[in-house]
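Peer 1: This is the structure, below, for whatever I ask next.
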Amino acid sequence: MDVTHIFAAATLTRVIGIEHKNEDDTTWSGLAPFANISATGVTTKDVTGIKEQVRLSFTYSAGSAGEFMPVVLAAPAWRPY
């Protein structure tokens with residue numbers, strides 16, 4: 004994940020979580036959140052024990068109307084083991 008810019012005030016904080024589930028599961032469960040992101044730059048997260056399906060959740064823990072930050076997300080890199 005690469006935060007390219009932060010526009011407006013510096014109070015904006017984005018929280019990105021990794022959620023996963025198997026196809027037969029009825030609910031998603033949290034696997035590993037990224038640390039609060041409030042600055043530009045590249046952030047990575049290495050996790051194990053991932054189930055069949057993966058998604059990212061985005062929430063804001065601080066900030067005001069009109070503040071935003073563009074984020075570039077690369078596809079997950081899977082390890083062969």
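Residue numbers 4 to 84, in the numbering used here, belong to the letters of the sequence shown in order. Where a beta carbon is used, it is the ideal one built from N, C-alpha and C, also for glycine.
1) Count the other CB atoms, across all protein chains shown, that sit within 10 Å of the CB of ARG17; report buried if there are 16 or more and exposed otherwise.
2) How close, in whole Å, do the beta carbons of THR46 and ILE53 come, if the pair is a contact with beta carbons under 8 Å?
3) Provide the residue(s) that pair with GLU22 in DSSP beta bridges, ordered along the chain.
4) Quick one: Cα of GLY33 to Cα of SER60, how far?
5) To the nearest angstrom, report how far apart THR29 and HIS8 are at their CA atoms.
Peer 2: Well, looking at it:
1) buried
2) So it is not a contact: roughly 18 Å between Cβ atoms.
3) GLY33 and ARG58
4) 9 Å
5) 36 Å
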